[in-house]
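Colleague:
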Amino acid sequence: MRTYRPLGGVALLAASALLITGCSAGGSADASDDHVQGGRVSGDLNTVNTADVTPGEGEITMAIEKTINNWNTLSAAGDISETVWVTSALYPSAFFIEPDGSTITMNEDLLESAEVTSAEGEPTVVEYRINPDAVWSDGVPISVDDFVYQWQVLNRHDCSECQTHDSDGLDKVVSVEGSDGGKTVIVTYDGPFAEWKRPFGRLLPAHLGTAAGDLFTSFNGYFTSTPPTFSGGPYIITDFKKDVSVTLEPNPEWYGDAPNLQKITFVMITDTQQTPIALRNGEIQAMYPQPQVDLLTDVESMAELGVNYQLNQSLVMEAIQFNLSNSFLADKAVRQAVFTALDQQEIIDKTVGQFDESVEPLGSVMIMQQQEGYENKTEEHGFGKGDTDAAIGILEDAGYSIVDGQLMLPDGSAAPALRTVYSVGNKVREASLDVLAAAVKPLGITLNLETTDALGDSTGEKSPYGYDIIIVGYTGSPFLGSNAFKRFTTDTGYNLHYSSPEVDSLVDQALAAPTQSEVIDLINQADDIVIEDVFMMPIYQKPSIFAYDSKYGNLRDNPTISGPTYNVADWGVIAE
Amino acid sequence: MLRYATKRLLIAVPMLLMASFVMFLMVSFSGDPLSRIRSQDPPPPPEALESLEKQLGLDKPVLERYVIWLFGLFRGDFGQSIMNIDIGAELGNRVTVSFRLIFLAIIIAAVVAVIVGVVGALRQYGFVDNVVSTVVFVLLAVPVFWLGVLLKHWAVSFNETVGSTVFYTIGDGSRQNATGLALIGFLVLPTIVLTVNVFASWSRYVRASMVEVMNADYMKLARAKGLSRGQAVWKHGLRNALLPFVTIVALDFSALVGGAVVTESVFQWRGMGDFLLTGIRNLDVNVVMAWLLIFAAATILMNLIADLVYGLLDPRIRHS
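Shown next, in the form of structure tokens:
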């Protein structure tokens, strides 16, 4: 990191001189003399950039792209990635997700153990043993009360008006009981539940909630609007400048190993184009933006200044989804032909492939490429290779014909044009759909591209013709069963136009499966059916980029919901 | 004069009402404020969304929401923000940040424009005038956003060369607890950007006005009476040349506000410009309305001040 001394005295003069003369003030060779050469860093996702750091020393400033107006990350409006990153150092979680997107690790500072005590096939019972020393920053022990509070606000029946982001599986819990002075928590589910590690993330202090009022008032009011003065994690907020910055310093009541850095400041830079300039100027030392061509070029050019970056696959996939209620698209042959004509690689080449050559076509809609159990299923079905002749063959076998460049239905009428929807202003998605439109043109199918400013509304459109084809981004998760349940089972979440009793059954079995290997096997079977049904076509996983000054160790790209600050207590200045 | 000012203020009230109504409808009909939340992955439960809609009043018809908002104003309530922003509290901080930038730019731009304009007029078509005119025309063509980014890159190069942070590219300094010279390091670049935005056009007004005044009969009379050129310019020329300029400064206030919105975005100042962009980005109608009220009122006030100053500078208007 370049540590600049304030030297404002010549500011006005210098700025005027720069403006008038119109010349750059020179190169930067000298500035990097005392720096390690930076550049791309790669390795095992869970251990990359591991380093011995100097304990109890150093500061870092990291840019975040959003301001924080809602501190309740369990709420629908507050579940913003940037807020999660900042507050993960304050709100303790029972488990966190490692960067590989598959490994789920127990928070050993908070918990001594977390074990399933029920027999296989019985309703799942989990026993959590909380660290006896675990306390909130005001000295109140972290206890069963905090587990009960989270269960009540998220389970959808104790506080139906709580504006929650999700139930996190707590709607399946029938009781949360405590013993040993509240340090042992027994959680009982209504049936077998394989993904019991999912709940009890981002715990909030129940005693402060109770002091603020009832569940509704505390959840939608106090925890939402009040910048937290409490902490159950390694850091605590010592300064909050609204819309500008949040500063964290070590929590004096922290019960785990002392964090390394003495100050972490999150600076809110809402215009992403300004972030690399701030990094170059030494005003920030880390950033975790949405990758773009220009941004990556900027970061690469900072290698000589000692800036490192990790460029990985995120867990967010881009996918094309059909509206199966459309009578034309209800014919599986049409859908097969469209996905057979589509060239995934061409979309990649014209979008994210321009700055990340490692992006490969995605072949699964339920398991991401870096996750354990990933299999490419689209290839097996011949989708995504841009095979126009095969696509025409599928249509002709099904009784369609192409007359003067127009697809004719088996009854002799012309095939309708398809409303193809993407988010307004999203050039990447527009480019993707341009490729799709060009791919299906030889089939005699016309796509009319339309935009939406409410993708959620459009995807959830129940009427048969709300959209015909839509391009969306879905986030993967290590909780494969829950993810598949919300996305692909009958009458849930997004898929109001898709229903498969086989998929429903397989996902239900996965949710109750006793081992992860069984979960993977069942989800892969369900995945295969969804691909075979030609409901959704995965295209690629978006890249993620984490850039930081090379003097810091243990900073790691974590593209899961845990975020890059999942190990913030380990961050530190690399020891000499 | 007082009657005139009162009349102008009374006319402003229905203007503000009409503008607020149109703006309210425009923002309300431009999209679903909860679209970001609805498109979350996974989507929140329907009960949560219904509760949120109810809390924000989005379950009511637009006209009813407008009436509620309007009557709320009389109680000092700017309405509920979708982004959970305390609008009233935010306004105080942000108005200070923006107006500090705008008024600093006005003062610097006006002073420099007068100097450059007068020099250009007195040296009409001379070497200095030609050079200054060329620079001014270039500056007139420079977009604020581009200039901001360009200056930031230059500033970073400068910092790297001297090995110290002289210029800062993010924030307004006061929120970073910067004082003294460091604070200047935060202020310099945004102020230059916004100043350049208006200085160039103002200097042309001053020059044109001064050229016209210099050819006026009373200037020739002043010289004939024995005043030096400088004395004639100072005592008779400048005051007359500045009359139309005062009006331009006031009328350009809204243009400056537009420039400030861009400048604040580039330099990440949390002023009214950022407030507006946040409001529009999130379709937060009450935030946009609060911004509109503040700047519509400020624009009307600036125009009124221009009229009053015009009267002060020109006795003919004052006595009419």
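In order, the protein sequences belong to chains A and E.
Per the numbering used here, the first sequence runs over residues 47 to 622.
Per the numbering used here, the second sequence runs over residues 544 to 863.
In this text, a Cβ means the ideal position worked out from N, Cα and C, and glycines have one as well.
#1: When Cβ atoms are compared, which residues of the region 578-609 of chain E fall closer than 9 Å to chain A?
#2: Leaving out five residues on either side along the sequence, give the residues of the same chain with a beta carbon under 8 Å from the beta carbon of VAL624 of chain A.
#3: If I follow the unbroken alpha helix (DSSP H) through ASP285 of chain A, where does it start and stop?
#4: Can you name, in chain order, every residue of its own chain whose Cβ lies under 7 Å from the Cβ of MET753 of chain E, other than the five neighbours on each side?
#5: Can ALA793 of chain E and ALA849 of chain E be called in contact, C-beta distance under 8 Å?
#6: Within 7 Å: the Cβ of GLN308 of chain A and any heavy atom of the ligand GDP?
#7: So, SER94 of chain A versus ALA621 of chain A, is the Cβ gap smaller than 8 Å?
#8: Looking only at C-alpha atoms, which of E:ALA803, E:VAL804, E:SER717 and E:LEU799 sits nearest to MET845 of chain E?
#9: TYR235 of chain A lies in the beta strand (DSSP E); which residues open and close that run?
#10: Could you tell me whether the Cβ atoms of GLN667 of chain E and ASN829 of chain E are closer together than 8 Å?
#11: Using CA coordinates, which residue listed in A:ILE126, A:TYR446, A:ASP303 and A:GLU425 is at the minimum distance from ASP179 of chain A?
#12: Please list, in chain order, all residues of the same chain as PRO322 of chain A whose beta carbon is under 7 Å from its beta carbon, the five residues on each side excluded.
#13: Cα separation between GLY599 of chain A and GLY147 of chain A?
#14: Using a cut-off of 9 Å between C-beta atoms, extract the partners of VAL489 of chain E located in chain A.
#15: If contact is defined by three or more beta carbon pairs under 8 Å, each pair taking one atom from either stretch, is the region 106-124 of chain A in contact with the region 588-596 of chain E?
#16: Closer than 7 Å, Cβ to Cβ, to anything on chain B: give me those residues from the region 121-140 of chain A, in chain order.
#17: Say whether chain E places a C-beta atom closer than 8 Å to the C-beta of ALA77 of chain A.
#18: Do you know how far the Cα of ALA759 of chain E is from the Cα of LEU770 of chain E?
#19: Just grab the DSSP bridge partners of ASP595 of chain A for me.
#20: Along the chain, where does the beta strand (DSSP E) containing THR311 of chain A start, and where does it finish?
#21: State the DSSP-derived secondary structure class of MET363 of chain A, mapped to helix, strand or coil.
#22: Check whether the Cβ of HIS696 of chain E lies closer than 8 Å to any Cβ atom in chain A.
#23: If we count Cβ pairs, one from each stretch, closer than 8 Å, do we get three or more for the region 411-425 of chain A versus the region 557-570 of chain A?
#24: Taking the alpha-carbon of ARG202 of chain A as reference, which of A:PHE193, A:LEU216, A:GLU158 and A:ASP191 has the nearest alpha-carbon?
#25: Could you tell me the boundaries of the alpha helix (DSSP H) in which SER594 of chain E lies?
#26: Just the chain A side, please: which residues come within less than 8 Å of ARG718 of chain E by C-beta, in chain order?
#27: When DSSP builds the beta bridges, which residues end up paired with ASP389 of chain A?
#28: Between THR318 of chain A and chain E, is any beta-carbon pair separated by less than 8 Å?
#29: Suppose the cutoff is 8 Å on Cβ atoms and the five residues either side in sequence are ignored; what does the same chain contact list for SER573 of chain E look like?
#30: Mind checking if LEU326 of chain A is an interface residue toward chain E, Cβ cutoff 8 Å exclusive?
#31: Output the boundary residues of the beta strand (DSSP E) element that contains VAL607 of chain E.
#32: Counting only the same chain and skipping the five closest in sequence on each side, list residues whose C-beta sits under 6 Å from that of PRO138 of chain A.
#33: Just how far apart, CA to CA, sit HIS81 of chain A and GLY352 of chain A?
#34: Give a yes or no on whether 8 Å exceeds the smallest Cβ distance from SER271 of chain A to chain E.
#35: When the cut-off is 8 Å and only beta carbons count, does SER744 of chain E lie next to chain A?
#36: Which runs of the alpha helix (DSSP H), 4 residues or longer, sit entirely within the region 628-679 of chain E?
Modeller: Short version:
#1: Residues passing the 9 Å Cβ filter: SER578, ARG579, ILE580, ARG581, SER582, GLN583, ASP584, PRO585, PRO586, PRO587, PRO588, GLU590, ALA591, LEU592, GLU593, SER594, LEU595, LYS597 and GLN598.
#2: Given that chain A is displayed from residue 47 to residue 622, the structure contains no residue 624 of chain A and the question cannot be resolved.
#3: In this chain, ASP285 of chain A is not harboured by any alpha helix (DSSP H); it is covered by the beta strand (DSSP E) spanning 281-287.
#4: If you ignore the 5 residues before and after MET753 of chain E, its C-beta comes within less than 7 Å of the C-beta of GLY660, VAL661, ALA664, GLY780 and ALA784, all in its own chain and listed in chain order.
#5: Between ALA793 of chain E and ALA849 of chain E, the CB-CB gap stays under 8 Å.
#6: Among the components of this structure there are no ligands whatsoever, and the ligand GDP is therefore not found.
#7: Going by the sequence as given, residue 94 of chain A is Val instead of Ser. For the pair VAL94 of chain A and ALA621 of chain A, the CB atoms are not nearer than the 8 Å cut-off.
#8: Selected option, being the one with the closest Cα: E:LEU799.
#9: Membership of TYR235 of chain A in the beta strand (DSSP E) is indicated by the continuous run 230-235.
#10: At a Cβ-Cβ threshold of 8 Å, GLN667 of chain E and ASN829 of chain E do not count as neighbours.
#11: Distance check between ASP179 of chain A and each of A:ILE126, A:TYR446, A:ASP303 and A:GLU425 places A:ASP303 closest, using alpha-carbon atoms only.
#12: Here the set comprises LEU341, ASP344 and VAL345.
#13: Looking at the two C-alpha atoms, the distance is approximately 21 Å.
#14: With chain E covering only 544 through 863, there is no way to say anything about residue 489 of chain E.
#15: Result yes; three or more Cβ-Cβ pairs closer than 8 Å.
#16: Going by chain labels, chain B is absent from the structure shown, which instead holds the protein chains A and E.
#17: With a pLDDT of 35 at ALA77 of chain A, under the threshold of 50, the modelled position of that residue is not reliable, and no figure is offered here.
#18: The straight-line gap from Cα to Cα measures roughly 15 Å.
#19: Looking at the DSSP assignment, ASP595 of chain A forms a beta bridge with A:VAL353.
#20: Per DSSP, THR311 of chain A is one residue of the beta strand (DSSP E) stretching across 309-314.
#21: In the three-state DSSP reduction, MET363 of chain A falls in the strand class (E or B).
#22: It does; some Cβ of chain A falls within 8 Å.
#23: Between the region 411-425 of chain A and the region 557-570 of chain A there are three or more C-beta pairs closer than 8 Å, enough to call the two in contact.
#24: When A:PHE193, A:LEU216, A:GLU158 and A:ASP191 are compared, the shortest CA-CA separation from ARG202 of chain A is found for A:LEU216.
#25: That run of the alpha helix (DSSP H) goes 589-599.
#26: Those are LYS287, VAL290 and SER291, listed as they occur along chain A.
#27: In DSSP, ASP389 of chain A forms a bridge with A:LYS431.
#28: Chain E places no beta carbon closer than 8 Å to that of THR318 of chain A, leaving this residue out of the contacts.
#29: Cβ contact annotation for SER573 of chain E (same chain, cutoff 8 Å, sequence separation greater than five): LEU826, in chain order.
#30: In the sequence as presented, Leu is not what sits at residue 326 of chain A; that position holds Arg. Taking 8 Å as the threshold, the shortest C-beta distance from ARG326 of chain A to chain E falls below it.
#31: Strictly speaking, residue 607 of chain E in this sequence is Glu, with Val absent from that position. Where GLU607 of chain E is concerned, there is no enclosing beta strand (DSSP E), although the alpha helix (DSSP H) it sits in stretches over 605-617.
#32: For PRO138 of chain A, where only same-chain residues beyond five positions count, the Cβ hits under 6 Å are LEU156, LEU249, GLY278 and GLY279.
#33: A caution first: HIS81 of chain A carries a pLDDT of 43, below 50, which makes its placement in the model unreliable, though a value can still be read off. Computed Cα separation, rounded: 5 Å.
#34: The beta-carbon of SER271 of chain A is placed less than 8 Å from the nearest beta-carbon of chain E.
#35: It does not; no Cβ of chain A falls within 8 Å.
#36: List check, alpha helix (DSSP H) in window: 630-665.
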